[in-house]
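Asker: Sharing a structure here in structure tokens format.
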């Protein structure tokens, strides 16, 4: 629910700042807007890489097993090809499951060790991501200038202030237009 207004605010902010910068620099505003969006999405994609590095390092901490000689059949059970239902259906299980157990139950010897994660590691990852979110909010609060500094108040002078209900009605009117 909060992502849509946040992305809209990001676009508005970057566009306003880029137009102000282009006016000071004497360059074409469209090129500056594209440059600012490129910088933003560079950092946005780098955060995905950083998040994967964090989760990999936390989840793999304490493991000393190194697998150097994996066969093709072992590799078929790894990564995106891992499916517990295929393991159960392809194994030679001659016993019929008891009525109380589910039909998709995995025998103990076929369970994948990758899915057994210590709850402490999960809490560590959650704590790291929470700390990153709080620090991002603090960085934005303290270091990002408000739009009023870039002429947002002057742009809205002479216009009437709309209430929340009027803005909601205007949004639905824009959605109704087909062009």
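Numbering (this note's numbering), first residue to last: 661 to 839. Where is the CB? At the ideal position from N, CA and C, for every residue including glycine.
Which value, in whole angstroms, describes the spacing of the CA atoms of residue 714 and residue 723?
Answerer: If I take the Cα positions, the gap works out to 15 Å.
Asker: Residue 694: buried (16+ other C-beta within 10 angstroms of its C-beta) or exposed?
Answerer: Label assigned to residue 694: exposed.
Asker: Given this structure, state the Cα-to-Cα distance separating residue 800 from residue 690, to the nearest angstrom.
Answerer: Cα to Cα, the separation comes out at about 25 Å.
Asker: Can at least three beta-carbon pairs, one atom from the stretch 664 to 675 and one from the stretch 781 to 799, be found at a separation below 8 Å?
Answerer: The stretch 664 to 675 vs the stretch 781 to 799: no contact.
Asker: Would you tell me roughly how many angstroms separate the C-alpha atoms of residue 697 and residue 683, rounded to the nearest one?
Answerer: Their backbone Cα atoms lie some 17 Å apart in a straight line.
Asker: Given a threshold of 16 other Cβ atoms within 10 Å of its Cβ, counted over all protein chains shown, does residue 726 qualify as buried or as exposed?
Answerer: Counting Cβ neighbours within 10 Å, residue 726 comes out exposed, since fewer than 16 surround it.
Asker: Can you tell me the Cα-Cα spacing of residue 737 and residue 731, whole angstroms?
Answerer: Rounded to whole angstroms, residue 737 to residue 731 spans 10 Å at the Cα level.
Asker: Could you check the C-alpha separation between residue 687 and residue 672 for me, to the nearest Å?
Answerer: C-alpha separation (whole angstroms): 19 Å.
Asker: In whole angstroms, what is the alpha-carbon distance linking residue 707 and residue 701?
Answerer: Taking the straight line joining both Cα atoms gives about 10 Å.
Asker: CB-CB under 6 Å to residue 780, same chain, minus the five flanking residues each way: which ones, in chain order?
Answerer: For residue 780, where only same-chain residues beyond five positions count, there are no Cβ hits under 6 Å.
Asker: Give me the Cα-Cα distance between residue 823 and residue 832, rounded to the nearest whole angstrom.
Answerer: C-alpha separation (whole angstroms): 15 Å.
Asker: What first and last residue would you give for the alpha helix (DSSP H) that runs through residue 680?
Answerer: Segment 663 to 685, the alpha helix (DSSP H) holding residue 680.
Asker: Figure out for me which residue from 804, 716 and 735 has the closest Cα to the Cα of residue 788.
Answerer: Among 804, 716 and 735, the Cα nearest to that of residue 788 belongs to 716.
Asker: What three-state label does DSSP hand residue 821 in the structure shown?
Answerer: Of the three classes helix, strand and coil, the one that applies to residue 821 here is coil, per DSSP.
Asker: For residue 761, I'd like the list of residues in its chain whose CB is within less than 6 Å of its CB, leaving aside the five on either flank, ordered along the chain.
Answerer: Interpretation of residue 761 is limited by its pLDDT of 49, a score under 50 that renders its predicted location unreliable; the figure taken from the coordinates is listed afterwards. None.
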